[in-house]
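One structure is given below, encoded as structure tokens.
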Amino acid sequence: MLPRPLLLLFCCFAASAHATPVTLPARAVTYHPELHAWARVEATAPLTLRMPLAGRVDRLSAVPGQEVTAGTALVQLGGPRLAGERAAARARAAAAAQELAAAQQNAASLARTYPALVNRRTLNAAHAAVAAAQGRLTEAVAAQRALRAQTTLVSPLPAAVEKIEAVPGADLPAGAPLLTLLPHGRVWLRAELFSAAPLAAGSVARFVPAAGHAIPVLLADELPARAANGARVLNFVPLAHGAPWQVGEAGKLIIDENPRGAVAVPAGALILDAGHWYVLVERAGSLAPQAVTPGPTRGAETLILQGLQPGTPVVVRQAYALYHRDFAAHYTPPD
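First residue of the sequence shown: 26, per this note's numbering; consecutive thereafter.
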């Protein structure tokens, strides 16, 4: 004898099997499929500020996410080594200034005795020495100013601070990264799509940030290399100038595909069996399972993308029970 729960289930199936099937014809509809992808606003060319020369980080005046303007001081460098280089640069500039003063004094003295005591050749040589000393002084002063400028790093353009890669007090070699900036106005929308559906450049989509309104975007290009997770990488740009987004903002990208034809059936008509979807269709007065590929749901209806023709009578009530109406014939009670 069957256990009581299975007996009740068998009775329900038996009662349903003798009920008159309720069918409705599958309804032809048109729907607009959508592709969904994860997307993030990224800078096209992040700018990394590096140590211009070896030294110590005395002060960092930036934090991640901070908005900075062009010319904002971000890093102050110092340390004994840099102080020694600055002192040497000052000494070279002072020596060049003294050399220029001596050359000018010599040229003036020769000019006073020309042509009585000196000839034109000697005077020209003195003037050439003045010009050479002036050049060396200009070079020494420029080097001193460049060294002074290198001790204070500023943002070259309006940007957002993305990452800090150094700490105050650190002694770093020349070229070591200090911080990364994301320049304003040089951003793109990076989307990762797993669908193999072909997309033409110029396709319009919608970017829906996690907190905000949908922003129309345009497909600019597809990168040749795939992401680490195997997804296609798509490059989108805003459809209108001045998109209200910021670097690092993430959300959902919705791509509208061309309209397609499908059929709609009540959601209760679908039957899941062993990982496959079916509906019961009526043919010549008898019921038969029909394998289908379901799509999105519209209210109480589900769209069938493949496997069902419009107008086909489909069981819409107690479909699951009728599908398993021969349950007892295939059930073998345990020993």
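Where a beta carbon is used, it is the ideal one built from N, C-alpha and C, also for glycine.
Bounding residues of the beta strand (DSSP E) (the contiguous stretch that carries residue i)
i: SER311; result: 311-316
i: VAL100; result: 98-103
i: HIS301; result: 301-308
i: LEU218; result: 212-218
i: THR45; result: Unbroken run through THR45: none, as it is neither H nor E.
i: ALA230; result: 229-234
i: LEU182; result: First-last for LEU182: undefined, no H or E at that position.
i: THR327; result: 326-331
i: LEU297; result: 296-298
i: LEU85; result: 80-85
i: VAL341; result: VAL341 -> no beta strand (DSSP E), and no H or E assigned at all.
Residue j beta carbon less than 8 angstroms from that of residue i
i: GLU124; j: ARG161; result: yes
i: LEU178; j: LEU203; result: yes
i: PRO284; j: THR55; result: yes
i: HIS57; j: ASP281; result: yes
i: ALA344; j: GLY332; result: no
i: GLY286; j: ALA53; result: yes
i: HIS152; j: ALA132; result: yes
i: LEU206; j: LEU328; result: no
i: GLN169; j: ALA235; result: no
i: LEU224; j: VAL242; result: no
i: ALA260; j: ARG231; result: Looking at the sequence provided, one finds Asn at residue 260 rather than Ala. The answer is no: Cβ separation not under 8 angstroms.
i: LEU99; j: VAL82; result: no
i: ARG111; j: ARG173; result: yes
i: ALA51; j: THR322; result: no
i: ILE240; j: ALA195; result: no
i: LEU361; j: ALA157; result: For the chain, the structure presents residues 26 to 360; residue 361 sits outside this window and is missing.
i: GLU67; j: VAL306; result: no
i: PRO77; j: LYS188; result: no
i: LEU72; j: ALA222; result: no
i: ALA70; j: ALA199; result: no
Element boundaries [alpha helix (DSSP H), containing residue i]
i: TYR139; result: It is not in any alpha helix (DSSP H) - TYR139 carries neither H nor E in the DSSP assignment.
i: GLU164; result: 145-175
i: LEU347; result: 344-348
Cβ-based burial, residue i [other Cβ within 10 Å; buried from 16]
i: GLY96; result: exposed
i: SER134; result: exposed
i: LEU33; result: In this prediction, LEU33 has a pLDDT of 46, which is less than 50 and means its spatial position is unreliable; nothing more can be read from the coordinates.
i: SER377; result: Coverage of the chain is limited to positions 26 through 360, which leaves residue 377 absent and any answer about it impossible.
i: PHE219; result: exposed
i: GLN130; result: exposed
i: PRO319; result: buried
i: THR176; result: buried
i: VAL340; result: buried
i: VAL192; result: exposed
i: THR138; result: exposed
i: VAL93; result: buried
i: GLU164; result: exposed
i: ARG145; result: exposed
i: ARG106; result: exposed
i: LEU297; result: exposed
i: ALA346; result: buried
i: TYR348; result: buried
i: ALA40; result: Low per-residue confidence applies at ALA40: pLDDT is 48, beneath 50, and the placement is therefore not dependable, though the value from the model is reported in the following sentence. Under this definition ALA40 is an exposed residue.
i: VAL288; result: buried
i: GLU274; result: buried
i: LEU197; result: buried
i: GLY310; result: exposed
i: ALA141; result: exposed
Presumed contact (8 angstroms Cβ cut-off) between residue i and residue j, rounded CB distance
i: SER228; j: LEU248; result: With a Cβ gap of about 15 angstroms, SER228 and LEU248 do not count as contacting.
i: VAL186; j: ALA87; result: 5 angstroms
i: PRO314; j: TYR303; result: 4 angstroms
i: ILE279; j: VAL233; result: 6 angstroms
i: ALA171; j: GLU217; result: So it is not a contact: roughly 44 angstroms between Cβ atoms.
Bridge partners - residue i, DSSP secondary structure assignment
i: ASN254; result: In the DSSP output, where bridge partners are listed per residue, ASN254 has none listed.
i: ASP246; result: ASN260
i: VAL66; result: LEU214
i: THR73; result: THR205
i: VAL192; result: The partner list for VAL192 (beta bridge, DSSP) is empty, contrary to what the question assumes.
i: ARG106; result: ARG106 is not bridged to any residue.
i: HIS61; result: ILE279
i: ARG52; result: ALA289
i: ARG323; result: GLU326
i: VAL93; result: ALA184
i: PRO241; result: ARG231
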